[in-house]
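J.: Sharing a structure, written as structure tokens. Questions coming.
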Amino acid sequence: MSTIEKIELYIDLSKRVNKYERLLDTSRNNYFTSKNVSAIRDHTKSLKSKRDSTRLIAEKSIEDEITKILKELGVKNKLGIVFPPVDIRLQNIPKVLVTSPRNEIRMIDSVLIDPEISLKERDTIENTLFQAYDTSALVDDLSG
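FYI, the numbering for the sequence shown is 1 to 144, going by UniProt numbering.
See the structure below:
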């Protein structure tokens, strides 16, 4: 399997895991039977396992390619070693919690939070901040 194929496999598995996790988040709206939810959970767990086992291979492939290019460009120390060594970590992008006054459009604060947070947990955080501090809050995907 080529370097590109290893990376593409990891990306594909990550997309599939995300798709099924979104399905599980919406399952709380009673769209699925408990049997279906259980099957989706099992499938998601299997996909996560496959994704996690390919993550290290994909990371190593990327590190090796970048190191190779850096050596070809002459970016190395006197011993011919690229230093510091290339070290890549593939992981989910965190979510962001943004708070704002309820009566104006202005950000009070933003905090990065766990990318694995469920829709239910997001709602709980938003509602808690609203009720306890009379503050608007939104947990959203971090993008840029």
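Even glycine gets a Cβ: it sits at the ideal position worked out from N, Cα and C. All of these numbers come straight from a predicted model, not from anything done at the bench.
Alpha carbon to alpha carbon, what distance is there between A58 and D109?
T.: Those two C-alpha atoms are separated by around 35 Å.
J.: As a quick exercise: from D141, E5, D52 and I66, pick the residue whose alpha carbon is nearest that of L97.
T.: D141
J.: Which residue's Cα is closest to the Cα of V37: K48, D25, S46 and L47?
T.: D25
J.: Name the one or two DSSP bridge partners that V139 has.
T.: L97
J.: Taking the DSSP output, what are the residues bridged to V111?
T.: L97
J.: Exposed or buried, what is R51 when buried is set at 16 or more other beta-carbons lying within 10 Å of its beta-carbon?
T.: buried
J.: Is E126 close to chain C, meaning its C-beta is less than 7 Å from at least one C-beta of that chain?
T.: Protein chain content of the structure displayed is limited to a single chain, and chain C is not contained in it.
J.: Quick test of your reading: Y10 and T54, contact by CB under 8 Å. State the CB separation rounded to the nearest angstrom.
T.: 5 Å
J.: Quick one, which of S118, G74, S100 and L73 has its alpha-carbon nearest P94's?
T.: S118
J.: Among A132, I4 and Y133, which residue has its Cα nearest to the Cα of D64?
T.: I4
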